[in-house]
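First the structure, in the form of structure tokens, and then the observations on it.
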Amino acid sequence: MSSVLTGKTTGFIGAGNMAEAMIHALRHTLGLSPEKILASDASEIRRQQISRQYGIATFDDNMEIFLRSDMVILAVKPQQLPSVISSMTTDKRYGQTASRKLIISIAAGVALATLENLLTESLSPEQKEKIIPIRIMPNTPALVGCGMSGISRSARSSDTDMELAMALAASMGKVCLLPESLMDALTALSGSGPAYVFLMAEAMIRAGREMGLSEEDSLTLTVQTLKGAVALLEKGDADAATLRQRVTSPGGTTAAAISVFQNTGFEDLVVKAIAAARDRSRELSTPSP
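Residue numbering for the sequence shown follows the numbering used here, beginning at 1 and increasing consecutively.
Below you can see the structure in the form of structure tokens.
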């Protein structure tokens with residue numbers, strides 16, 4: 001499959017679950033050559049697993065990824081990002097690169113300004129122009145090719161840079177390009193969103209068990225019900241409220257359940273919970289004084 005990423009070398013710093021989802025998509029969705037994908041990780045066991053599974057070269061030195069790649073994916077936890085970047089920027093080879101480097105961070109809550117400062121504070125103005133930071137916020141359904149990713153660009157990113165970043169994100173599912181001011185909202189709605197669905201699923205499975213259904217039957221009923229409901233919503237011929245009303249006959253069983261939800265403020269609680277996630281993302285995005 002032809003892609004704008006064909007011929008580009010993509011390197012991953014960090015080889016955890018999300019990095020693996022991206023590597024899998026590059027190899028199997030886009031069909032990229034394993035020679036064009038690199039990864040580093042602190043764990044030797046993890047490096048061996050990724051190398052064996054995808055046939056790619058792995059390293060214990062992050063700088064090797066930086067030097068050998070056209071596009072570098074920072075796939076480490078937010079709290080690890082400063083030390084990981086410092087391990088590169090303190091290397092004398094860091095500022096000597098002759099080519100532009102597209103640096104994509106998937107670390108939640110790390111603003112572009114913070115990322116840019118970490119990446120370029122030791123560089124000259126001329127060297128800074130070669131470091132292009134971009135943020136991508138994927139979610140865990142990317143692991144099965146059904147991800148939802150948000151992308152925010154930096155001032156220095158070109159349309160070509162964005163085309164590469166969009167191709168990477170699109171290989172895992174759907175993509176939404178938005179200003180960074182809305183990245184906290186996206187993080188709250190889709191980044192954290194799978195957990196809300198899983199919580200609802202937990203409650204539905206528990207209800208099934210408490211009514212006498214087996215664990216297996218409760219799981220099957222819940223999963224298929226969620227899949228079917230999503231399929232109807234995705235079809236797009238009716239909004240969520242209309243679809244709910246179609247299932248809810250006056251005085252019926254669904255109406256009895258919906259009444260309990262509404263009397264306990266279910267919708268307002270969901271909105272409040274998602275707003276709390278957004279606020280926490282904002283807190284994480286604000287540099288400490």
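The C-beta atom is built at its ideal place from N, Cα and C for all residues, glycine as well.
Closest Cα partner of residue i within the set the options
{"i": "E35", "options": "C176, V4, G212, I23", "result": "I23"}
{"i": "M270", "options": "V197, T89, G251, L143", "result": "Going by the sequence as given, residue 270 is Val instead of Met. The option with the nearest alpha carbon to V270 is V197."}
{"i": "D41", "options": "L30, L67, G11, D70", "result": "G11"}
{"i": "A19", "options": "R46, G7, S33", "result": "R46"}
{"i": "L38", "options": "G31, Q49, F59", "result": "F59"}
{"i": "H28", "options": "L168, G16, L199", "result": "L168"}
{"i": "Q96", "options": "L123, N139, L5", "result": "L123"}
{"i": "K8", "options": "N62, D91, L102", "result": "L102"}
{"i": "M16", "options": "I132, T140, M63", "result": "Here residue 16 turns out to be Gly, not Met, going by the sequence shown. Out of I132, T140, M63, T140 has the C-alpha closest to the C-alpha of G16."}
{"i": "P194", "options": "L226, E163, D268", "result": "L226"}
{"i": "S33", "options": "S3, S214, E64", "result": "S3"}
{"i": "Q79", "options": "L26, I106, S218", "result": "I106"}
{"i": "R282", "options": "L182, E216, D61, T89", "result": "L182"}
Proximity of residue i and residue j at Cβ, strictly below 8 Å
{"i": "I104", "j": "I85", "result": "no"}
{"i": "E180", "j": "S152", "result": "yes"}
{"i": "S375", "j": "K130", "result": "What the structure shows of the chain is the stretch from 1 to 289, and residue 375 is not part of that stretch, so it cannot be assessed."}
{"i": "C112", "j": "I13", "result": "Here the sequence assigns Leu to residue 112, which means Cys is not the residue at that position. Cβ distance not < 8 Å, so L112 and I13 don't count as in contact."}
{"i": "S285", "j": "G109", "result": "yes"}
{"i": "I136", "j": "S154", "result": "no"}
{"i": "L189", "j": "L178", "result": "no"}
{"i": "I205", "j": "D161", "result": "no"}
{"i": "R301", "j": "M71", "result": "Lying before the first or after the last residue shown, residue 301 is absent from the chain, which here runs from 1 to 289."}
{"i": "T254", "j": "V260", "result": "no"}
Burial state of residue i (16 or more Cβ within 10 Å)
{"i": "M1", "result": "Because M1 sits at a pLDDT of 49, beneath the cut-off of 50, its placement in the model cannot be relied upon, and the point is left open."}
{"i": "T242", "result": "exposed"}
{"i": "R278", "result": "buried"}
{"i": "M200", "result": "exposed"}
{"i": "A165", "result": "buried"}
{"i": "F66", "result": "buried"}
{"i": "P308", "result": "As shown, the chain starts at 1 and ends at 289. That puts residue 308 outside it, with no answer to give."}
{"i": "T222", "result": "buried"}
{"i": "S43", "result": "exposed"}
{"i": "T114", "result": "buried"}
{"i": "G265", "result": "exposed"}
{"i": "N263", "result": "exposed"}
{"i": "D239", "result": "exposed"}
{"i": "S69", "result": "buried"}
{"i": "D184", "result": "buried"}
{"i": "A257", "result": "exposed"}
{"i": "G301", "result": "Nothing about residue 301 can be read from this structure; the chain reaches only from 1 to 289."}
{"i": "A21", "result": "buried"}
{"i": "S249", "result": "exposed"}
{"i": "A276", "result": "exposed"}
request  = Identify every run of the beta strand (DSSP E) within the stretch 1-83, keeping only runs that are complete inside it and at least 3 residues long; order them along the chain.
outcome  = Counting whole runs of 3 or more residues, the stretch 1-83 contains the beta strand (DSSP E) stretches 10-13, 37-40, 57-59, 71-74.
Stretch pair the stretch 118-136 + the stretch 74-88: three plus CB contacts closer than 8 Å = yes
inquiry  = Three or more C-beta pairs under 8 Å: does that hold for the stretch 165-174 against the stretch 128-148?
reply    = yes
message = Closer than 8 Å is the cut-off here; do at least three beta carbon pairs connect the stretch 199-211 with the stretch 227-244?
response = Verdict: no, contact absent.
inquiry  = Which complete beta strand (DSSP E) runs does the stretch 151-180 hold, if anything under 3 residues is left out?
reply    = 173-177
key: Uninterrupted beta strand (DSSP E) stretches inside the stretch 85-119 (no shorter than 3 residues)   = 101-105
ask   = What are the start and end residues of each continuous alpha helix (DSSP H) run of 4 or more residues lying completely inside the stretch 215-244, in chain order?
value = 215-235
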